[in-house]
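The sequence shown lines up with residues 2 to 312 when you count with my numbering. Cβ coordinates follow ideal geometry from the N, Cα and C atoms, glycine included. The next block holds one structure in the form of structure tokens; read it before the comments.
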Amino acid sequence: MSGNVVAQGGGRTGAGHHTDGPLVSVIMPTYNRERFVGIAIRSVIEQSYPNWELIVVDDGSTDGTSDLIAPLLADRRIRYLKQQNSGQAVARNQGLRLARGEFVCFMDSDNRWLPPKLQRQVALFAGRADLDVLYGEIDIIDEEGRVQASTPMRRHSGRITEHLLVDNCVTFNTAMVRRARLLECGGMDETIRRADDYDLWLRLSVRCTFEYVPEIWAQYRVMTDQISSNKDGRFESNQSIIERFMARHPSLVPEAIVRKTWCRFYTRRGRWRASVGRKREALQDYLAAIRFRPFSRHPWRALASLAVRGR
2 MSGNVVAQGG GRTGAGHHTD GPLVSVIMPT YNRERFVGIA IRSVIEQSYP NWELIVVDDG
62 STDGTSDLIA PLLADRRIRY LKQQNSGQAV ARNQGLRLAR GEFVCFMDSD NRWLPPKLQR
122 QVALFAGRAD LDVLYGEIDI IDEEGRVQAS TPMRRHSGRI TEHLLVDNCV TFNTAMVRRA
182 RLLECGGMDE TIRRADDYDL WLRLSVRCTF EYVPEIWAQY RVMTDQISSN KDGRFESNQS
242 IIERFMARHP SLVPEAIVRK TWCRFYTRRG RWRASVGRKR EALQDYLAAI RFRPFSRHPW
302 RALASLAVRG R
């Protein structure tokens, strides 16, 4: 769906800007994030690397988002456009169609970047024709911006399809991607309402090389009304994405990885269901996980924990 341009910055000015356009395009969809979108935009403005453009795609906000953003358009690297509410995947694709940079970064409007992010990534991409996707680490923050304790997860570099099937290890708000690769794969799948980032990484992984850098580049804000907070919907979407990917690329997914993928999926979903008191459903998930990998310790440990809590 084409967007409706309501306001935008003009040409590029200032030190470090090249006359042939920005090197990095930042795409930021937003929907009713009046409280946080200004923080997110300022964290782009405050980047130590200056040769970027920011495309803010307002997905039909009904709050004061447009009024809040208006003064920030004094920075002529920023463009703002508004479309009818169509979902974040549609908004991201709208931004991708307008992007001019060699590299693209996606950023959610309730998160923020740390100042060195773009400079570090541009430097790391230099001379690396073999590299397609670069990503780093995040801090988890609450609604007030306070850093929360979190459990680090394993992340991977190289051709990471098998790792992605087991778990989405790529932090979306830290990633920098070659725009050519995004265009080759068709951008975001607009039929997906949740986890469109996970679907994108899987499709890119078929032909792209990823690299993880263990540096914190972004802060991810956890709130109750986020799309990702709908756990049932998220698990349902992830399951559909995995099933579709496996059906399309059977030669890329050995039987051992199929079993490991579904064992981990059902174990994770079972743990969440157990944590919210849905013990019968959790038990069903753990048993499904065990059927896929009878000798894996993960579902057995989860099952034992469920039994202890059930006493």
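Would you check if there are 3 or more beta carbon pairs closer than 8 Å linking the segment 101 to 118 to the segment 69 to 86?
no
To the nearest angstrom, how far is it from the Cα of residue 239 to the Cα of residue 172?
To locate residue 239, count along the sequence shown from 1; it is residue 238. To locate residue 172, count along the sequence shown from 1; it is residue 171. Taking the straight line from one Cα to the other gives about 16 Å.
Local Cβ density within 10 Å of residue 27, reported as buried at 16 or more and exposed below that
Here the question's residue 27 lines up with position 26 in the sequence shown. Buried, because 16 or more other Cβ atoms sit within 10 Å of the Cβ of residue 27.
Assign residue 156 to one of three DSSP states: helix, strand, or coil.
For the purposes of this step, residue 156 is taken as residue 155 along the sequence shown, with counting starting at 1. Coil at residue 156, not helix or strand.
Can at least three beta-carbon pairs, one atom from the segment 153 to 164 and one from the segment 202 to 214, be found at a separation below 8 Å?
yes
Classification of residue 192 by the beta-carbon crowding that lies within 10 angstroms, buried from 16 upward:
Here residue 192 is taken as the residue at index 191 of the sequence shown, counted from 1. Exposed, by the Cβ-count rule.
Bounding residues of the alpha helix (DSSP H) (the contiguous stretch that carries residue 97):
Residue 97 sits at position 96 when you count from the first residue of the sequence shown. That run of the alpha helix (DSSP H) goes 89 to 99.
Using only the alpha-carbon positions, how far apart do residue 318 and residue 251 sit?
The shown model of the chain, from 2 to 312, leaves out residue 318, and the question about it has no answer.
Which value, in whole angstroms, describes the spacing of the CA atoms of residue 292 and residue 310?
Here residue 292 refers to the residue found at position 291 when the sequence shown is read from its first residue. Here residue 310 refers to the residue found at position 309 when the sequence shown is read from its first residue. Residue 292 and residue 310: Cα-Cα distance of roughly 23 Å.
How far does the alpha helix (DSSP H) with residue 287 in it extend, from its first residue to its last?
Your numbering for residue 287 matches position 286 in the sequence shown. In the DSSP assignment, residue 287 falls within the unbroken alpha helix (DSSP H) covering 280 to 293.
Can you tell me whether DSSP reads residue 170 as helix, strand or coil?
The count along the sequence shown starts at 1 and reaches residue 170 at position 169. Reduced to three states, the DSSP call for residue 170 is coil.
Alpha carbon of residue 85 to alpha carbon of residue 63, nearest angstrom
Here residue 85 refers to the residue found at position 84 of the sequence shown. Here residue 63 refers to the residue found at position 62 of the sequence shown. Cα-Cα distance, rounded: 11 Å.
Would you tell me roughly how many angstroms separate the C-alpha atoms of residue 91 and residue 196, rounded to the nearest one?
For the purposes of this step, residue 91 is taken as the residue at position 90 of the sequence shown. For the purposes of this step, residue 196 is taken as the residue at position 195 of the sequence shown. One C-alpha to the other measures close to 13 Å.
By a C-beta neighbour count over all protein chains shown, 10 Å radius and 16 as the cutoff for buried, is residue 133 buried or exposed?
As a first step, residue 133 is located in the sequence shown; it is residue number 132 there, counting from the start. Looking at its Cβ environment, which holds 16 or more other Cβ atoms inside 10 Å, residue 133 is buried.
Determine the extent of the beta strand (DSSP E) in which residue 211 is found, giving its start and end residues.
Position 210 of the sequence shown, counting from 1, holds the residue named residue 211. Counting along the chain, the beta strand (DSSP E) containing residue 211 begins and ends at 211 to 222.
Report yes or no: do the segment 134 to 146 and the segment 44 to 64 share at least 3 C-beta pairs separated by less than 8 Å?
no
Measuring alpha carbon to alpha carbon, tell me which residue in 174, 206, 150, 187 is nearest residue 162.
Walking along the sequence shown from the start, residue 162 turns up at place 161. Residue 206 is the option with its Cα nearest to residue 162.
Who are the near neighbours of residue 88 in its chain, counting only those whose CB is closer than 8 Å to its CB and skipping five residues on each side?
Here residue 88 refers to the residue found at position 87 when the sequence shown is read from its first residue. The answer, listed in chain order, is 60, 191, 194.
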